[in-house]
Structure formats: C-alpha cells, structure tokens
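Below you'll find the structure, written out as structure tokens, and then a few comments.
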Amino acid sequence: MDSLLAILIDGLVYSSWLFIIAVGLTLIYGVMKILNIAHGSLYSLGAYTAASLTGLWLSLGYAPMGSFLVMLLSAVLVGAVFGPIIERGLLRFMYGRDEIVLVLVTYALFLILEDVIKIVWGVNPYFLYQPYSLLGSFEILNLTYPNYNLLLCIVAIIIGLVLTWLLQKTKQGKILIAVIHDREMASAQGVHVGKVYFLTFTLGATLAALGGVLTAPMISVQPGIGAETIVLAFAVVVIGGLGSLPGAALAAIMVGLVRASAVHLVPDLDLFSVYLVMATVLIFRPKGLFVTQEQRKI
Amino acid sequence: MKDQTYTYITGAAIFLLFLGQVMPKWAVFLATVSLCYGTIVLGMILLVRNGLVSFGHGLYYCLGAYAAGTLRPFWGNSELLVMLAAAIFLTAAVAFILGFLLRKYRDIFFAMLSLAFSMILYGLLSKNAALGSTDGFNVYVDTILGVPLTDFEDPRYVIFGITILGAWISCMLMHRYLKSDKGKLAEAIRDNELRVEYLGANVSTIIHFNYVISAVLAGIGGALMAISIGHIDPEMSYWTTSGEFVFITILAGSGSVIAPFLGAFIFETIRSFAYEYSPNTWQMLLGITMLVVIVFLPNGLWSLFAKIHKKINQ
Amino acid sequence: MSLILTTKNIFKNFEAIKAADNINVDIESNSTVGLIGSNGAGKTTFLNIITGYITPDSGEVYFEGRRITGTTPRQITHLGIYRSFQIPQIFDSMTAEQNLTISASIAIGHQANKQHLRASERSLITLVKNSMDQFQLGEYRTQLAGNLPEGVRKLLDIAMSLVMKPKLLLLDEPTSGLSADEKFNIMDMVMTAVRSKKIAVLFVEHDMEIIKKYTDRTLAFYNGQILADGTTNEVLAKKEVREHVLGNV
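Residue numbers (our numbering), protein chains in the order written: chain A, 9 to 306; chain B, 4 to 317; chain C, -13 to 235.
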C-alpha cells in the first residue's frame, strides 16, 4: 500500500516535471514545425542562470523566499534574451526547409550553446539546494515529501491551464491556431506569421528555461544536463503526438507513472522504461496519441 | 566517364597500409578512428539516400562493440574474426527485428524512434553491473586467425591493417551496391516514395534492407573500434554519439562512398587538436561548421570536391 | 470483346462527402474510355480505388475476372495496371533518362528477375531508349526532372507508366495545365503508343475537345455517381451532362 502510494506520488511529481520540460517543445513544434534540440540548451541556460542569480540573491542576505521570484525572473530573462536571438538571428532564415534539416539546424545550435555555457560557467557543478528545502515538507502515511514537489505539480497545472486558456480564449491564441492549421491561409488573411513565430519561439524558450530553473534546486547543475533532458522531452512529445498540448500532458503522466513504478519495483529498468513506453505507443499509434496519420493527396 | 572509384579506394587503402609503417603512434590512432567512423557513416549515407537520418545509430555502434567485447569475458574466446562475426550477426539480427517497425517511419519520426532505441540500450547497459555499468570494460584480442597476438612483432599495426581491410571491403561493396539497380532505388524513394510503389517496387522492403546494411556497417565500425581502442562503455549508445555520426554525415555528403571517410578524417583531426588546445569550444566549432554546411553546402563537402574535380577535367 | 476491368457497387464516403456512390463500370480490353465530371465528382477517387490507394467502404473491383479489391498499388502494377497522375509524380532530383531507367529497372526486376543479368541490362537500355524516342524526350535526357517544363513533366510521368506494356493504363488529367498545342501533341504521342501496344485506357479529362477526339466511350461522374455512360457523342449530348458537367444548358 505504502509503495503504491509512493509510486503514485513520485509518478505525479515526475510527470509534472516532464510536462514542464516538454510543453515548450511541443508548442514550438505545433506552430513552427521545428523539433528544437536546442530546447535542451535553453533548459541548461535556465538552470545555470537560476543557480547564479539566486545564489547571488541569497549570498547578499536578502529574504530567502525571494529566491522564487529571482528564479522566475531567471527563466524570463533567458527566454527573453535567447528566444529572440535564436529566432531572429537564425531560425527565420530556415523556414520552409525540410523538418529534418530544421532538426539538424537546432542540433548545431545545441552544440554551440553547450559550449557557450561551458565558457560562461565553466565545467564545475553549481548547486542551488536552498529553495528545495525552503518550503518545508508534508507527511502522508509515514512518507515525507518536500513541499517543493508540490510546487512542481502546481506549476505544471498552471502552465497547462494558462496555455489552454491562451490558445482557446484569446485573440492571439486563435491566430496561433489558425497558423497551426494552415500557414498560407492565415498569411493570406493578414496574419503576420513572422510575428506569431517570434512570439511562439520566445514563449517556448521561456518555458524551456523555466524547466531548467525549477530543476536546478534538485540536481547539481553541470554540463550534460541539457543533453539528458532533451531526449526525455522528445519521448514525451512524441508519445503525446508532436504539437499536441493535451498529448504532452497525457504522455507526461504515462511516462511519469511508468518510470516511478520502474524505480520502485525494478530499478534496473529506470531509464529503459521511458523509451519502452515510447516504442510501445508508436507501434500502435505511429504519430503519437493525439495525432492521426493522414494520407497524401494525389 | 569511367568510374574510377574502385581504383581510388584501393589506392587509398594500400597507401594507408604503407603509411602505417612510418606514421607516429598518434597518427595511426587518428587514422584508425577515422576508418571506424567512416565505416559507420558509410551506412548512414545509405540511409540519407533513402531520405532518412538516424539519430540512433549509436545503437549498432555500441552493439557491435559489445558483441565483440563480451566474447572473452563470457565465452572465453577472443579470436578477432569471431569478434567481428559476432558484431555482424548481432547487429544484423537486431536491425532486422527493429526494421519491421522503423521502416514505417520517415523524417523526424524515424530520427526520434531510432534515438529512442539507442537510449534503451544505453539505459540497459549503464545499469548492468556484469557489463561494467557506466564504466564499461576493457577489450582484449587473444588471437588473429588463430595466431596469438603476442606472436606478432607489432600487434597494433596488424590491427590497423585489419581495420583498413574492413573499411576497404565495406567501401567497395557499398559502391557496388549503390550503383546497382536496387541501390539506385534509394534515391528514387527519397524523391517520391509513392511513385516507386506505383511503379511496382516495395518501398518498405528496400528501406528495411538498407537499414540492416547500415546497422551492420555501424556494428563493424563499433567492433573495430573496440578492438583498436581496447575499451568500451555505454556512452557509445548515448544519443550524442549518434549525433557525431549525423554531423559527419552532413559534413561529408552522400555523393560518394569516399566522402564518409574524408568527413570522418576531418572530424577526428579537428577533434584531436581541439581537445588539446581548446576543449571548451570544440562543440561550438562543430555547431558552426554544421550551420555553414547546411546553408552553403547542402550536399556536403563532397559536392565541393565533385565540382572542383569536374572543373579540372574540363 | 472481353472485359478487362469491372467495378461493382463501389461506395466511398469521406466524412459527409460521397466520393463514390454506387459505381458500376465495365471496361473492355483494348478500348479507350474517357472519364469526365466537375471537380469533386469523384474521378480521381475512382482511379485511387481501382489502384488500391484507397479502399472502398463497400463494393468490389475485378481485373480480368479476378477480385482485386484491397490490393495495394504495388501489387496492382504487377497485374498490369499502371497510372499517371494529375500532378506529375516523378523523381525531381534525377534526369529524365534516370527517371525512365528507374521505371524500367523496377518493371524488369519484378517481371523477369530470374533472367541473366546481362540480358536484362541490355533490355533496360533498349527500353529506355525506345521510350525516349517514342515520347520525344531525347532533348531533355540529361536535364533534371525538377527543372523541366510542366508539359514535359506530364509526358515523362506518362512515359514512366508506359515503359513496360501495361494491360490497363489510367491517366489522371494528362493535359491539364497545358497549352492547346501541347495538349494534342502529347495526346497524339500517348495514343499512338497505347494503340500500337493494344492497351486499354481510362482517362480523366476536362477538355471536351480531347475527349471527342480520342475516345469512343465516355463516363460522366457527378457527386460520386455515374451520370451517363455511353458513346462519347451520346454522353456529351445528354441534358444532365451538359448541365452538371459541361456547365452550359
């Protein structure tokens, strides 16, 4: 019973984390048809920036609770700086090329950003453990969990709700959906597709950074965390169906629960389990849970 | 114009064989790694001709290496030929099975699904204590064609020679295949899969077949690498390793079977110098090179080569 | 004359649209049949159903008396049904000659792969050369298909399906988007080839001049149904056809 509860709680916490790191990726793909490998680097940049800025905040003796605000600002900062630079400076010259070429472009970007991080922060790990314990912990059936885990769940739910609201209820969101549906049609009706891409990428980049920011207190921030995370994010968005928000949410929950079960029951299958879910889903749903395959018109 | 590729390949192989006698140790090492990577990328360009980019060929690179490497600790045999045969057999078998699934996918789905499979292997190996977990283990060769390695005057050179031989055979056969009717269908599939089916050829089967070939080549590359370097670890199956193969593939271009070896050589040369002088900007250099190639040389360095060659001939 | 193709009670819906609504057609071997109808009448869908690209919701397709419903496009070609496409489906990054070579090599491959390699190689070259002569593609031999003018692309597309001798050839708007001169030029070449090889042809066409000149029999489709089926003159004279297909009353 205890272990079942533990699996459930760990699973949901892990699901929330997965959703946070994957949601920006699926959003960018949905609108721009770019599977952004550099998402991993933006995640790392978020983690490093948060580690540095929040560390500075705390070392200057300001109110510890303020660290959460600093963390949020770190995510916005990374998104607002790197999103526009990458979209305006590189990606916009590549629009219209094959999806696989775009993957390669973002892979090149990933390689470049990985070294930018090394140049700025070096190769030694950074730690930002304070926020993790700041919020205290809760107890349930003899199991103790830090409240920070709860924060992850809440943030994931907020992101999901806000994005859904943005897409479905606002004018900007409706324009975004029009672009997703038919880029040329939207363009013909006076939608500024370039602007939509710019905003989407910046928002996606901010979400990637936010993923890193929220992860920073739970890990040692060091080279390689981006590479590790991006493949998990890939798995989630591919399972859900590329570009599908509800798909990403459902996939995150599936993967989260499966991995938590693996960790508790068969620890050796930990990482293996994630990709096993992916392979299994794709066998039955070749384009993921929320996307159906279309036949080419001839 | 007569096709002189066979002559070039054989010439280069013989030249390398002689060069191996006089080259310093580090250069032999560089050439060995380039040959192994070149063999793997040789398989990658076959897939590129089908319009497919695999972000998971590290799977077969790693499988080939582990097949070769585990013979001694688990079966007590480490005859070099058996090691190679084990690598070929295992990679062919795994690719044959996975091929049934992968042949249905294209574009980024193919890329991502192959990535997932390589990460499965990574996950399994890094948790397997018997196989050294994330540290991997050392690989030893006992005999070559039954002759104990210690009987050779310069065992390193013999292994270098075998690596050349492996790359040479792979390269010759691949060139022959690409020129055959069946081989040429790969590009037709990339251009217009639907039409190929409507002409009566089985696209799935061709892609499956090519996938197995490319996997076996990666397996051979992995086994040769294990034999030459003497150490293997799960990192070989990590997606960034596959990323390196993708990089060389894009850099080289799929225009010729020689291109992958050239690409691998350039890659390895830059890597060895970058590691020495500027380890923190090496990936950045790769990234920038890749962008330059994508924008200015979409068919890779080989297209530049081909152009120059054409000009000279005129 | 014997029947080469028969469809019985074919139905196919795409959501609310009836693309095929009880289609019953018999095509005789060695005949040339035109297929007309406004956009969305279900003409291409009909070709797609015959060639197995689309499976009908119900109904059967018979080829030479054999039931072929649900057979894939690839297997269909092995039976001897080839087709061309409204938007030419050719290999853009290859030359015109390579396009034909690929077509011929595939055809030879599944027809006589037991033959000696040398013999098939020789016949491959001959096939390609004949095809190039027949369709006057010689001057485009080394040009990339992607750069060819639309008329040549259409012709190449048809030539690729005629490189071997099919029993039934389906043409999807072989002359759409071409100038008047080009239309007749292309159709002359295609029909000469088809007649010399005694191939049955079913072709979708919008240009009634072409229909009148090259067909004896015409099918008119409207909303997924057969509006008229008979000799071309009869069909074109019918009131319903003039109203729903030709757009003049």
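Virtual Cβ for every residue (Gly too), placed ideally from N, Cα, C. These figures come from a predicted structure and were not determined experimentally.
query: Segment contact flag, the region 113 to 121 of chain C with the region 15 to 30 of chain C, C-beta cutoff 8 Å, min 3 pairs; result: no
query: Neighbour-count burial assignment, E196(B), 16 or more Cβ in a 10 Å radius; result: buried
query: When K41(A), L159(A), A216(A), V244(A) are compared against A88(A), the one with the closest alpha-carbon; result: A216(A)
query: Strand pairing of N141(B), partner residues [DSSP]; result: H234(B)
query: Whole-angstrom C-beta distance between S252(A) and V299(A), which should lie under 8 Å; result: 6 Å
query: Whole-angstrom C-beta distance between A82(C) and L148(C), which should lie under 8 Å; result: Between A82(C) and L148(C) the Cβ distance is about 14 Å, and since that is not below 8 Å, they are no contact.
query: C-beta atoms of A95(B) and L74(B) nearer than 8 Å; result: no
query: Boundaries (first-last residue) of the alpha helix (DSSP H) holding L240(A); result: 233 to 248
query: Coarse secondary structure for R203(C), derived from DSSP in three states; result: strand
query: Residue-level contact to chain C via CB, T300(A), 8 Å cutoff; result: no
query: A114(B): contacting residues in chain A (beta-carbon distance under 7 Å); result: I108, V111
query: Contacts of G203(B) in chain C (Cβ-Cβ under 7 Å); result: R60, T63, H64, I92, A93, H96
query: Three-pair Cβ contact test at 8 Å for the region 101 to 114 of chain B versus the region 255 to 267 of chain A; result: no
query: I306(A) at chain C interface by Cβ criterion, 8 Å; result: yes
query: Beta carbon of I251(B) nearer than 8 Å to that of P237(B); result: no
query: Chain B contact for R69(C) (CB, 8 Å cutoff); result: yes
query: Chain A residues whose Cβ lies nearer than 7 Å to that of V56(B); result: I108
query: Where L197(B) meets chain C, residues with beta-carbon distance less than 9 Å; result: Y39, P59, F71, Q75
query: Residues near K100(C) in its chain [Cβ-Cβ closer than 7 Å; skip 5 each side]; result: Unreliable positioning characterises K100(C) in this predicted model, as indicated by a pLDDT of 40, which lies under 50. The coordinate reading is nonetheless provided below. Correct list: empty, nothing qualifies.
query: Supposed close pair Y11(B), I261(B) - CB separation, criterion 8 Å; result: 6 Å
query: Selected residue, minimal CA-CA separation from L119(A), among N316(B), V249(B), S117(B); result: V249(B)
query: Meets three-Cβ-pair contact criterion under 8 Å: the region -3 to 13 of chain C and the region 307 to 317 of chain B; result: no
query: Cutoff 8 Å: K313(B) Cβ touching any chain A Cβ; result: no
query: As assigned by DSSP and simplified to three states, the class of N219(C); result: helix
query: Whole-angstrom distance between G67(B) and I223(B), CA atom to CA atom; result: 6 Å
query: Strand pairing of L157(C), partner residues [DSSP]; result: F189(C)
query: Amino acids of chain A, ordered along the chain, whose beta-carbon sits closer than 9 Å to that of I297(B); result: M102, R105, V109, L112, V113, A116
query: C-beta contact flag for A71(A) and V221(A) at 8 Å; result: no
query: Close Cβ partners of V78(A) (< 7 Å) along its chain, the five nearest in sequence each way excluded; result: L61, T62, W65
query: Other residues of its chain near P139(A): CB distance less than 6 Å, five sequence neighbours each side excluded; result: S75, P225
query: Environment of H200(A) [buried if 16+ CB atoms lie within 10 Å]; result: exposed
query: Which residues DSSP lists as bridging T10(B), in chain order; result: Note: T10(B) sits in no beta bridge, so no partner.
query: Test: F242(A) CB closer than 8 Å to a CB of chain B; result: yes
query: Cβ pair count under 8 Å reaching 3, the region 169 to 177 of chain B against the region 34 to 45 of chain B; result: yes
query: Three-state secondary structure assigned by DSSP to S207(B); result: helix
query: Exposure label - G23(B); buried when at least 16 CB within 10 Å; result: buried
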